[in-house]
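Here the structure comes first, spelled out in C-alpha cells, and everything after it is commentary.
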Amino acid sequence: MSVKSIVPPLPGKPVAQQAALDFATARTVAERFKVLSDPTRVRLLAALAERELCVTELTQILDMEQSAVSHQLRALRSSELVRNRRVGRQVYYSLNDHHIRDLLSSGLSYTQDV
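Quick note on the working numbering: the sequence shown kicks off at 26 and runs consecutively.
Right, dumping it as C-alpha cells:
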C-alpha cells in the first residue's frame, strides 16, 4: 500500500499536492512512531498483543522492575497506544485498538524481510 493510496483526495487541490500529508497529520504519525522507538515499549506492546495483562504480569514477562514498566506504560498510554482499567488494586493494560497490533505485526514483518 502506498502513501498515496491512504491519503484521502482533497477537492480543489492539484494532483501533485494531493499525495502530500498535511503537517498536523504527519506530526501525529511521527510522534506515534517516536514512542515506538524504545525497545521496552515494543516488548510491552508485543506482550499486550496477546492479551490484556496487569502490571505485575508485565514485570514478570519482561523481567523488569515495576517502576520501569509503569514508566513505559505511561508513555504508551499518553500516546493512546494502550488503555488501562483498574480492578481493585490491580491495573490492567491492553492495546487501544487493532491498528496497534497491525502496526506491530508490520514492523516485525518488515524487520524479518530486511
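Cβ coordinates follow ideal geometry from the N, Cα and C atoms, glycine included.
What are the boundary residues of the alpha helix (DSSP H) that residue i is part of?
| i | result |
| --- | --- |
| Ser92 | 91-103 |
| Val54 | 48-60 |
| Asp127 | 123-138 |
Could you tell me the alpha carbon to alpha carbon distance between residue i and residue j, rounded to whole angstroms?
| i | j | result |
| --- | --- | --- |
| Val107 | Leu83 | 13 Å |
| Asp88 | Leu46 | 40 Å |
| Ser62 | Val139 | 18 Å |
| Arg126 | Leu120 | 7 Å |
| Gln97 | Phe48 | 27 Å |
| Arg102 | Gln137 | 27 Å |
| Leu129 | Arg68 | 10 Å |
| Arg24 | Gly113 | This structure does not reach residue 24, given that the chain is present from 26 up to 139, and the question cannot be answered. |
| Arg99 | Leu133 | 23 Å |
| Ser27 | Pro64 | Here Ser27 scores only 49 on pLDDT, less than 50, and its place in the model should not be relied on; the value that follows carries that caveat. If you take the alpha carbons of Ser27 and Pro64, they lie about 27 Å apart. |
Residue i and residue j look like a contact to me (Cβ under 8 Å); what is the Cβ gap, rounded to whole Å?
| i | j | result |
| --- | --- | --- |
| Tyr135 | Cys79 | The pair is not a contact, with the Cβ atoms about 30 Å apart (cut-off 8 Å). |
| Val17 | Ser104 | There is simply no residue 17 to check, as the chain begins at 26 and stops at 139 in what is shown. |
Would you kindly report the start and end of the unbroken beta strand (DSSP E) that includes residue i?
| i | result |
| --- | --- |
| Val116 | 115-120 |
| Val112 | 107-112 |
Per DSSP, which residues does residue i bridge with? Please list them.
| i | result |
| --- | --- |
| Leu78 | Tyr118 |
Task: the region 47-55 in contact with the region 74-89 per 3-pair CB rule at 8 Å - done: Under the three-pair Cβ rule at 8 Å, the region 47-55 does not count as touching the region 74-89.
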